[in-house]
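Trainee: Following our numbering, the numbering of the sequence shown begins with 1 at its first residue and continues without gaps.
Just so it is clear, CB atoms sit at the ideal spot from N, CA and C, and this is done for glycine as well.
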Amino acid sequence: MSRPRLDHFASLGPHGFHRVAYTEWGDRDARHLVVCVHGLTRNSRDFDELARYLAVRGCRVVCMDVVGRGDSDWLEHKQDYGFAQYVSDAAALLARITAPKASLLTRLQGAGGAHTIDWVGTSMGGLIGMMVAAKPNSPIRGLVLNDVGPLIPWPALARLKLASVGESTSFASVKEVEAYLRDACVSFGPLKDRQWRRLAVHGARRLQDGRYVLAHDPAIVSTLRSGGGAGVTFGADFFFGMDLWQVWDAVKCPTLVLRGAESDLLLESTVKRMQERGPRMKVVEFSGIGHAPWLMSEEQIRPIADFLLP
């Protein structure tokens, strides 16, 4: 059975270097790379089931902890949290995982050839992937957007902002963290007890006094303030109107769009408009699910595998 490997690298921001962590699955020499990136306050371990499924089928799967989340550093200068930094970190990750191996044996075996790179992104991770895929000469071959598109409706943004209130609360135990996540993430759909427990273990940090806090910097939520802009910072632009249609139009690779049928963030009207412009796309909808599907069940993993695998 494929097991995860934890690794990290240093990425550069406006105020210096910071540590970006990632979880990796599968053969390091596999030429088919799948990069998975999580939502706003989530982390790389959300993709354990999907990564294991793809890894045993020959993929190397790399799941990034976006800076300020999971095992990655929390930024000292909170204003640096934003899509400009996230895209820069993603580019650094792609460069790292596609770098030719240094050993003579590896070179003789021909492992320095081109990689196939696909991207799976949930919510914020999908927006990062869309931005990377839209860049000229992007290496992304296939893009999977999990319950997100180029238009974010205000009611959903207001709900997300309201739901984020109190996320700096501390907990007496992992069991309390699990109870919180079961309530806060109810729209994501049902999970098995062992999955909820794993999410709690990897979704919390233990403090010196023995209490636990969620494994993301509260400042990523506190920066959600009013204002306007071009949709490149994960703050005002995201929570007070975000229009990325120009970015969507610049994406050239085939795209799979997954949607929770009850989602208030990716509306049916947005999906229909996406089908009328931008890249060639396929849509799969999951009944009884809101924002955003966990991608942990066979029903939700199978469409991704069918799209990504030969």
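Is it right to say Gly126 is buried, meaning 16 or more other beta carbons lie within 10 angstroms of its own, or is it exposed?
Mentor: For the purposes of this step, residue 126 is identified with residue 126 of the sequence shown, where counting begins at 1. Gly126 comes out buried.
Trainee: Using 10 angstroms around the beta-carbon of Pro4, count the other beta-carbons present and answer buried if the total reaches 16, otherwise exposed.
Mentor: Locating residue 4 in the sequence shown gives position 4, counting from the first residue. It counts as buried.
Trainee: Excluding the 5 residues preceding and the 5 following Val251 in the sequence, name in chain order all residues of the same chain whose CB lies nearer than 7 Å to its CB.
Mentor: On the sequence shown, residue 251 is found 251 positions in, with the first residue counted as 1. Counting only Cβ-Cβ distances below 7 Å, and skipping sequence neighbours, we find Met130, Ala133, Ala134, Leu143, Gly278 and Pro279.
Trainee: Return the CA-CA distance between Asp285 and Leu12, expressed in angstroms with no decimal places.
Mentor: As a working mapping, residue 285 is identified with position 285 in the sequence shown. As a working mapping, residue 12 is identified with position 12 in the sequence shown. Here residue 285 turns out to be Glu, not Asp, going by the sequence shown. Using only the alpha carbons, I get a separation of about 38 Å.
Trainee: Which word fits Asn137, buried or exposed, when buried means at least 16 other C-beta atoms lie within 10 angstroms of its C-beta?
Mentor: Taking the first residue of the sequence shown as 1, we reach residue 137 at position 137. It counts as exposed.
Trainee: Would you say Leu12 lies against chain D (beta-carbon separation less than 8 Å)?
Mentor: Absent from the structure is chain D; it holds one protein chain and no more.
Trainee: Just checking Phe47 against the ligand PLP - is the residue's beta carbon closer than 7 Å to any of the ligand's heavy atoms?
Mentor: As for the ligand PLP, it is missing from this structure, which has no ligand bound.
Trainee: Assuming Gly203 contacts Asn43 (C-beta within less than 8 Å), just tell me the rounded distance between them.
Mentor: Within the sequence shown, numbered from 1, the residue matching residue 203 stands at position 203. Within the sequence shown, numbered from 1, the residue matching residue 43 stands at position 43. Correct: roughly 6 Å between the Cβ atoms.
Trainee: Would you list the residues sitting across from Thr116 in a DSSP beta bridge?
Mentor: The sequence position of residue 116 within the sequence shown is 116, counting from 1. Note: Thr116 sits in a beta bridge opposite His32.
Trainee: In angstroms, rounded to a whole number, what distance separates the CA positions of Val67 and Leu6?
Mentor: Stepping through the sequence shown from its first residue, residue 67 is reached at position 67. Stepping through the sequence shown from its first residue, residue 6 is reached at position 6. Each residue's Cα considered, the two are about 15 Å apart.
Trainee: Go to Met130, then tell me how far its alpha helix (DSSP H) extends in each direction, as first and last residue.
Mentor: In the sequence shown, residue 130 corresponds to position 130, counting from 1. Element bounds for Met130: Met124 to Ala134.
Trainee: Taking just the CA atoms, how far does Met242 sit from Phe83?
Mentor: On the sequence shown, residue 83 is found 83 positions in, with the first residue counted as 1. On the sequence shown, residue 242 is found 242 positions in, with the first residue counted as 1. Using only the alpha carbons, I get a separation of about 12 Å.
Trainee: With a threshold of 8 Å, are at least 3 pairs of Cβ atoms found where one atom belongs to the segment 187 to 206 and the other to the segment 289 to 309?
Mentor: yes
Trainee: Have a look at Ser2, Trp119, Ile152 and Ile289 and flag the residue whose alpha-carbon is nearest the alpha-carbon of Thr270.
Mentor: On the sequence shown, residue 270 is found 270 positions in, with the first residue counted as 1. Nearest of Ser2, Trp119, Ile152 and Ile289 to Thr270, Cα basis: Ile152.
Trainee: Spatial neighbours of Val247 within its chain, please: CB distance less than 7 Å, with the 5 preceding and 5 following residues excluded, ordered by chain position.
Mentor: Stepping through the sequence shown from its first residue, residue 247 is reached at position 247. If we look at Val247 and ignore the five residues flanking it on each side, its Cβ neighbours are Met130, Met131, Ala134 and Pro150.
Trainee: Give the range of the beta strand (DSSP E) segment to which Lys282 is assigned.
Mentor: Counting from 1 along the sequence shown, the entry for residue 282 is found at position 282. Run containing Lys282: Met281 to Phe286, per the beta strand (DSSP E) assignment.
Trainee: Helix or strand or just coil, what does DSSP make of Tyr180?
Mentor: Along the sequence shown, read from residue 1 onward, the residue named residue 180 stands at position 180. In the structure shown, the three-state DSSP call for Tyr180 is helix.
Trainee: Can you grab the Cα-Cα spacing for the pair Arg159 / Ser263, in whole Å?
Mentor: What you label residue 159 is simply residue 159 of the sequence shown in a count that begins at 1. What you label residue 263 is simply residue 263 of the sequence shown in a count that begins at 1. Approximately 12 Å between the Cα atoms of the pair.
Trainee: I need the straight-line Cα distance from Thr98 to Tyr53, nearest angstrom please.
Mentor: Counted from its first residue, the sequence shown places residue 98 at position 98. Counted from its first residue, the sequence shown places residue 53 at position 53. Taking the straight line joining both Cα atoms gives about 21 Å.
Trainee: With distances taken Cα to Cα, identify the nearest neighbour of Arg28 among Phe9, Ala51, Arg60 and Phe47.
Mentor: For the purposes of this step, residue 28 is taken as residue 28 along the sequence shown, with counting starting at 1. Answer by Cα proximity: Arg60.
Trainee: With H, G and I counted as helix, E and B as strand and the rest as coil, what does DSSP make of Arg225?
Mentor: Indexing the sequence shown from 1 puts residue 225 at position 225. Unreliable positioning characterises Arg225 in this predicted model, as indicated by a pLDDT of 44, which lies under 50. A coordinate reading is not provided.
Trainee: With a cut-off of 8 Å on the beta carbons, I'd call Ala92 and Phe9 a contact; round off their distance for me.
Mentor: As a first step, residue 92 is located in the sequence shown; it is residue number 92 there, counting from the start. As a first step, residue 9 is located in the sequence shown; it is residue number 9 there, counting from the start. Indeed they touch by this definition, with Cβ atoms about 7 Å apart.
Trainee: Please state whether DSSP places His202 in a helix, a strand or coil.
Mentor: Residue numbering aside, residue 202 sits at position 202 when the sequence shown is read from its first letter. In this structure, His202 counts as helix in the three-state DSSP scheme.
Trainee: Considering only the alpha carbon of each residue, which of Val34, Tyr22 and Asp118 lies closest to Arg45?
Mentor: Stepping through the sequence shown from its first residue, residue 45 is reached at position 45. Closest by alpha carbon: Tyr22.
Trainee: Could you have a look at Asp80 and say whether DSSP puts it in helix, strand or coil?
Mentor: Within the sequence shown, numbered from 1, the residue matching residue 80 stands at position 80. Helix.
Trainee: Counting C-beta neighbours from all protein chains within 10 Å, is the total for Phe238 16 or more, i.e. buried, or is it exposed?
Mentor: Stepping through the sequence shown from its first residue, residue 238 is reached at position 238. Any reading at Phe238 must be qualified, since the residue scores a pLDDT of 43, below 50, and its modelled position is unreliable; the value itself is stated next. Classification of Phe238: buried, given that the 10 Å Cβ count is 16 or more.
Trainee: Take Arg197 as the anchor and find which of Lys175, Trp74, Asp71 and Asp147 has the nearest alpha-carbon.
Mentor: Here the question's residue 197 lines up with position 197 in the sequence shown. If we check each option's Cα against that of Arg197, Lys175 comes out closest.
Trainee: Which first and last residues belong to the beta strand (DSSP E) in which Thr255 is found?
Mentor: In the sequence shown, residue 255 corresponds to position 255, counting from 1. Element bounds for Thr255: Thr255 to Gly260.
Trainee: Between Asp217, Ser2, Ala179 and Gln85, which has its C-alpha nearest Trp25's C-alpha?
Mentor: Position 25 of the sequence shown holds residue 25. If we check each option's Cα against that of Trp25, Ser2 comes out closest.
Trainee: Spatial neighbours of Leu267 within its chain, please: C-beta separation below 7 Å, excluding the five flanking residues on both sides.
Mentor: In the sequence shown, the residue the question calls residue 267 occupies position 267. Excluding residues within five positions, the ones whose Cβ falls inside 7 Å are Pro153.
Trainee: Contact check, Pro293 vs Asp147 under 8 Å by CB: the rounded distance?
Mentor: Position 293 of the sequence shown, counted from the first residue, corresponds to residue 293. Position 147 of the sequence shown, counted from the first residue, corresponds to residue 147. Yes, they are in contact, since the Cβ atoms of Pro293 and Asp147 sit about 6 Å apart, within 8 Å.
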